[in-house]
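To start, the structure itself, in structure tokens.
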Amino acid sequence: MLEEYEKFVDRGTLRELKEVARELAGISVLHVNSTKMGGGVAEILHRMVPLMEELGIKTRWEVIKGGKDFFKVTKKIHNLLHIPGRESLSPEDVLTYMRYTYENIAHIDTEPYDVVFIHDPQPLGLVIKKRSGQRWVWRCHIDVSTPDENTWKFLETFINGYDACIFHIPEFVREGVRVPAFVIPPSIDPLHDKNVELGEGFVRATLERFGIDPDKPVVLQVSRFDRLKDPVGVIEAYRLVKRRKDCQLVLAGAFADDDPEGEEVY
138 MLEEYEKFVD RGTLRELKEV ARELAGISVL HVNSTKMGGG VAEILHRMVP LMEELGIKTR
198 WEVIKGGKDF FKVTKKIHNL LHIPGRESLS PEDVLTYMRY TYENIAHIDT EPYDVVFIHD
258 PQPLGLVIKK RSGQRWVWRC HIDVSTPDEN TWKFLETFIN GYDACIFHIP EFVREGVRVP
318 AFVIPPSIDP LHDKNVELGE GFVRATLERF GIDPDKPVVL QVSRFDRLKD PVGVIEAYRL
378 VKRRKDCQLV LAGAFADDDP EGEEVY
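Our numbering applies: residue 138 is where the sequence shown begins, and numbers increase by one.
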């Protein structure tokens, strides 16, 4: 699988990856997130985990469990980290979050691993289970530059129990983070289905299936069905363009298992 990336990077990069992997020989790694399907984190892990295995690093991927009440709370946390002031995290929300956190602590065996990567806020509290000698890293995949302060303070109690954190850009690193913070910009997988060339026949058949005119311009948004993606703004932009140019609107997306608002937005 690794060799498939030769066309995108030089051989020196691949050689360096293999050298670093040799230095990590014997290390076991666990990734934990909130869904196997839907969303960017799952997309990353579907490729990253087998690549790490190919490099000789023992790697496993686990997904936390939760009921609708849990994912309703984690979606509220997600929204509050982006847009403060619209609602607040209640004591009942905190109790729900903690109840499922302890259930997942019992469900997911983190102890055999040397390094544990926790992705985003949903499984953040699992760090309670951290044992001596392990290294735990929290990877934040969302914008936390202007969060609701009370929500962030709640999360900070867990974040500062980690050995390190990873953010997309320096502006996302909050002052209250007392552990080493690293910046790794977001990236794309050039070999993912949505980034490869499609044959003209396939494209035309798909457009026909959905009643889209292949000869007419398209205003397109590809994303999860999420208010934070501003689909209403895309619709408004389409209406403005439509006044001057005949075009079509396409909102293309999928539902994530951990996002209870997706169907409502759709």
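Every residue gets a Cβ at the ideal spot worked out from N, C-alpha and C, and that includes glycine.
- Secondary structure within the segment 250-283: the beta strand (DSSP E) runs of 3 or more consecutive residues, fully enclosed, are 252-256, 272-276 (chain order).
- With a beta-carbon spacing of about 5 Å, T172 and A179 fall inside the 8 Å limit used to define contacts.
- Look at F304 here: in three-state DSSP terms it is strand.
- In this structure, the beta-carbon distance from P258 to T211 falls below 8 Å.
- If you look at T247, you'll find it isn't in any alpha helix (DSSP H); DSSP assigns it neither H nor E.
- When secondary structure is reduced to three states using DSSP, F319 falls in the strand class.
- By the criterion of a C-beta distance shorter than 8 Å, G204 is surrounded in its chain by Y237, once the five residues flanking it on both sides are discounted.
- A179: member of the alpha helix (DSSP H) spanning 177-191, first to last residue.
- Between H219 and L365 a beta carbon distance of about 6 Å is seen, short of the 8 Å cut, so the two are scored as contacting.
- Secondary structure of K195 (DSSP, three-state): strand.
- If you check the CB distance, A301 and V274 come in under 8 Å.
- Cα atoms of L357 and K267: separation of roughly 44 Å, rounded to the nearest angstrom.
- Between D206 and T247, the gap from beta carbon to beta carbon reaches 8 Å or more.
- One Cα belongs to T288, the other to L377, and the distance between them is close to 37 Å.
- With a 10 Å radius around the Cβ and a threshold of 16 neighbouring Cβ atoms, M138 comes out exposed.
- Nearest to D326 by C-alpha distance, out of L154, P351, R184, is R184.
- Relative to the Cα of P307, the nearest Cα in the group K290, C277, L151 belongs to C277.
- Considering only Y250, Q271, S324, I296, the residue with the shortest C-alpha distance to T196 is Y250.
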